[in-house]
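Protein chains in written order, with UniProt numbering: chain A, 1 to 477; chain B, 1 to 477. In what follows, a structure is listed as structure tokens, so that the remarks can point back to it.
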């Protein structure tokens, strides 16, 4: 039986100015987690959010996380844990979001004041944090309020986890989630995270997979100190000469990883999967636009989406220790550290991938016949994540999308990692769904970040509708 | 007829404390040209030097050079032009030195106060500028004074050119030298520069060659802005992937330049040259010590000296635009600029070398099949310099070395460039001699820079003796 949602939906529409006003209040607090001087604003944002939740009748805890590891004089902002509803006869859903934002200055090139929500006539609402992630976080609060004002029973018990350090590495959060998996979050039957984006601008999506990321350093050293290339050029073996040869051996222009033992680990494409890509709302024009050029590896949509979602990639990020400033300096760097990372996919194993990388880099270096010293190691590793899109959690979201937007959602994966996704899955043992509110053009980390009014208001409807469908879905997965 | 030098020599010995005191006064003025805040000290040093010269009876001009190009609010320090002697029957010799110094802070690791000349019991005189280049500059003044006090006629007319910006690119000097080649310097019959070092610590040398330096940038660009490797990895052609492949194709670990058309230009080794290297006072231990490691390309002295002096070398200096900080950042840089340089030797031509580099880099890039955009260009070029060591200017110095030190000097070339050498040669059309005072262990640009008392005092004798032999040498070259 389809849930009765009309009353809720019309209440959301009635309250839309109020909800935009709530978003404006949140955007006005410059909760920049990367800037120590803004830490009081981050804390103020968390407290404002907690107060809003209490006003709506939720029970709220502000959980301290201790000091910031890289700045021991600085307290981390609290994690907001909240619960709305204690009905044993209802499902319990855990949602996550973050109340901190990326840095922003008008002088970076913003057309409007970044911490003043500015709604254009076309419905675009500009402001830092509008789409990442204050809009989606407030979406949950707005859904509660609209139910209350419409007199519609809230369909589930809602557990909420809102952090204030997402844009600066989510310091301290993993430990809390792991600890509360069987504590504060123990009743959760599924998890929903609204902190990503539609693949394009036309069609909503449900996201069921993310690539992992293993980040490597290749360190080559020789001389005791940096040398003058006039005095030593031609007589000393130069670490930089070796390093560019090693880095040049990892991947080719067309993205083909040259390291044996990587592609062997990749799950084969199933016939079911083969058919998935054609219907995805994505064009090469979308990619060219976001790339700012036509320098793509593939000419077509399907291999492009497969390369982003289900195949590994290798990127060389840079070199530490060499000359990197503008101008000319005739230095022979004594020790250089090349940085590269591999985006990982099912069924790659972290250890097996590391070993393949180490063995290959050592082999390439050995062939150079160099007297310099090589070290290769992983700076950090993170596993890929893939959920079952047939789970009732996804089925509910699928129906909610169709109800609110009138279309079936795309089922997408993403090329990047959102490590908290895997942490929630592992800590709770439950299915995790990524349910985005904003679109691909929102510019989450750029100047002129925005959220379209339509995405915000229909997104509030979507979050509420999703909870209604969740309440009705049979537990078949 | 050998010049009568005993009176001069014994006067130098008598005045040695006074000469060390003069050096202490010069070292006490922190004339750091790279530091805008120290500019008044650089000017003060120039004025002090001018006053010393006037006291000795030289005519002196302080030539302003205008504003510093990269800091237009800052006046360049003056060039000191001086003349001592106007006798038409004497030869006229032009000497060059610089009165500015490298930066130095006690906290950099100096064992003594860098701007206090500290004379150890072993005769090592520590202080910034002691060997580079205040000791040699004062050497000329001390030679004048010792002649006066010994009542020995000064054997030549001396033209002097002392600049205050050598450690910061000699801004403005080339133009002045070019202009005064037929002006202030028009009487010069030969040029002597004392601003380099013995090859080792045991034996003086005369330097007759320097390598040139062509500095190149390889710029590869694609996307409109830096990208996130999670989102775009595997779908975009990455400029950094292309760049490390191009940089990796330039030279191998053993210093072999891979660019066709470079080695063809190198002058063949003559049978006369073959015999030169064995007698040079230099050991592989010297090289290992200055390198701080044993990561040399060759095991033996001769190929090592040839590689430093008479063969080109290619060094990769770094990458601009990529991630170069410590830590991990998952960026795909949109535009990266690789920097490398080639040290050039006879008979390489700048244009021919540039064309060989451009053609090769373009060919390697074309083979990658990349859609990214390549630019390759020279940031700056500088020609090699080789003088005739059989010129009377060198013969005079050779005899002076043997008289003062009791050994025949090594004839050396250097791997680095001292661009002013070539400028003087071209502006005056005369032979240029590099006649070093300090030794290889002086640490000119390092902490604990020093000049050995013996090198200073015997060096003063050497400069004076050189002028006497110059006065007597027949003009056969």
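Glycine included, each C-beta is placed from N, C-alpha and C at the ideal position. Owing to the predicted nature of the structure, the values given are computational and were not obtained by experimental measurement.
Quick one: list the residues of chain A neighbouring residue i, beta-carbon separation under 7 Å, in chain order.
{"i": "residue 293 of chain B", "result": "222, 223, 224"}
{"i": "residue 370 of chain B", "result": "253"}
{"i": "residue 323 of chain B", "result": "317, 318, 339"}
{"i": "residue 331 of chain B", "result": "317"}
For residue i and residue j, which I take to be in contact (beta-carbon distance under 8 Å), what is that distance rounded to the nearest angstrom?
{"i": "residue 169 of chain A", "j": "residue 78 of chain A", "result": "Contact doesn't hold; Cβ gap of about 16 Å is too wide."}
{"i": "residue 376 of chain B", "j": "residue 218 of chain B", "result": "5 Å"}
{"i": "residue 465 of chain B", "j": "residue 403 of chain B", "result": "5 Å"}
{"i": "residue 190 of chain B", "j": "residue 462 of chain B", "result": "So it is not a contact: roughly 16 Å between Cβ atoms."}
{"i": "residue 453 of chain B", "j": "residue 125 of chain B", "result": "6 Å"}
{"i": "residue 495 of chain B", "j": "residue 108 of chain B", "result": "Chain B is shown from 1 up to 477; residue 495 of chain B falls before or after that span and cannot be answered."}
{"i": "residue 413 of chain A", "j": "residue 207 of chain A", "result": "7 Å"}
{"i": "residue 236 of chain B", "j": "residue 332 of chain B", "result": "7 Å"}
{"i": "residue 220 of chain B", "j": "residue 242 of chain B", "result": "5 Å"}
{"i": "residue 116 of chain B", "j": "residue 127 of chain B", "result": "7 Å"}
With respect to the beta strand (DSSP E) encompassing residue i, which residues constitute its N-terminal and C-terminal limits?
{"i": "residue 165 of chain B", "result": "No beta strand (DSSP E) holds residue 165 of chain B; DSSP gives it neither H nor E."}
{"i": "residue 449 of chain A", "result": "Looking at the DSSP string, residue 449 of chain A is not in any beta strand (DSSP E), and its letter there is neither H nor E."}
{"i": "residue 72 of chain B", "result": "71-75"}
{"i": "residue 80 of chain A", "result": "79-84"}
{"i": "residue 51 of chain A", "result": "Segment 39-55 is the alpha helix (DSSP H) holding residue 51 of chain A; no beta strand (DSSP E) there."}
{"i": "residue 361 of chain A", "result": "Here residue 361 of chain A belongs to no beta strand (DSSP E); instead the alpha helix (DSSP H) covers 350-368."}
{"i": "residue 98 of chain A", "result": "92-98"}
{"i": "residue 61 of chain B", "result": "59-63"}
{"i": "residue 414 of chain B", "result": "410-414"}
In chain B, which residues lie with their C-beta within 8 Å of the C-beta of residue i?
{"i": "residue 297 of chain A", "result": "234, 235, 236, 237"}
{"i": "residue 205 of chain A", "result": "Simply none; closest approach about 14 Å."}
{"i": "residue 383 of chain A", "result": "What residue 383 of chain A touches in chain B: nothing, since even the nearest Cβ is about 14 Å away."}
{"i": "residue 247 of chain A", "result": "244, 248"}
{"i": "residue 240 of chain A", "result": "315, 316, 317, 318"}
Give the DSSP-derived three-state secondary structure of residue i in the structure shown.
{"i": "residue 423 of chain A", "result": "helix"}
{"i": "residue 230 of chain A", "result": "helix"}
{"i": "residue 144 of chain A", "result": "helix"}
{"i": "residue 115 of chain B", "result": "coil"}
{"i": "residue 262 of chain A", "result": "coil"}
{"i": "residue 186 of chain B", "result": "coil"}
{"i": "residue 437 of chain A", "result": "coil"}
{"i": "residue 286 of chain B", "result": "helix"}
{"i": "residue 330 of chain B", "result": "coil"}
{"i": "residue 177 of chain B", "result": "helix"}
{"i": "residue 197 of chain B", "result": "strand"}
{"i": "residue 460 of chain A", "result": "helix"}
{"i": "residue 12 of chain B", "result": "helix"}
{"i": "residue 152 of chain B", "result": "coil"}
What are the partner residues of residue i, as DSSP defines its beta bridges?
{"i": "residue 430 of chain B", "result": "The partner list for residue 430 of chain B (beta bridge, DSSP) is empty, contrary to what the question assumes."}
{"i": "residue 214 of chain A", "result": "A:342, A:381"}
{"i": "residue 314 of chain A", "result": "A:342"}
{"i": "residue 236 of chain B", "result": "A:296"}
{"i": "residue 157 of chain B", "result": "B:92"}
{"i": "residue 220 of chain B", "result": "B:336, B:374"}
{"i": "residue 209 of chain A", "result": "A:386, A:413"}
{"i": "residue 68 of chain B", "result": "B:71"}
{"i": "residue 320 of chain A", "result": "A:337"}
{"i": "residue 251 of chain B", "result": "B:257"}
{"i": "residue 27 of chain A", "result": "None; residue 27 of chain A has no bridge partner."}
{"i": "residue 101 of chain A", "result": "A:32"}
Return the first residue and the last residue of the alpha helix (DSSP H) that residue i is part of.
{"i": "residue 396 of chain B", "result": "392-405"}
{"i": "residue 126 of chain B", "result": "Taken as a continuous stretch (DSSP letters only), residue 126 of chain B belongs to no alpha helix (DSSP H), being part of the beta strand (DSSP E) at 124-126."}
{"i": "residue 32 of chain B", "result": "Careful: residue 32 of chain B lies outside any alpha helix (DSSP H) and carries neither H nor E."}
{"i": "residue 271 of chain B", "result": "271-274"}
{"i": "residue 301 of chain A", "result": "301-309"}
So with CB distances below 9 Å, who are the chain B contacts of residue i?
{"i": "residue 307 of chain A", "result": "233, 234, 235"}
{"i": "residue 152 of chain A", "result": "Those within 9 Å of residue 152 of chain A in chain B number zero; the least Cβ separation is about 38 Å."}
{"i": "residue 287 of chain A", "result": "232, 235, 236"}
Under 8 Å between beta-carbons, which chain A residues line up against residue i? List them in chain order, please.
{"i": "residue 343 of chain B", "result": "229, 230, 233, 234"}
Which residues of chain B have a Cβ atom closer than 7 Å to the Cβ of residue i, listed in chain order?
{"i": "residue 417 of chain A", "result": "230"}
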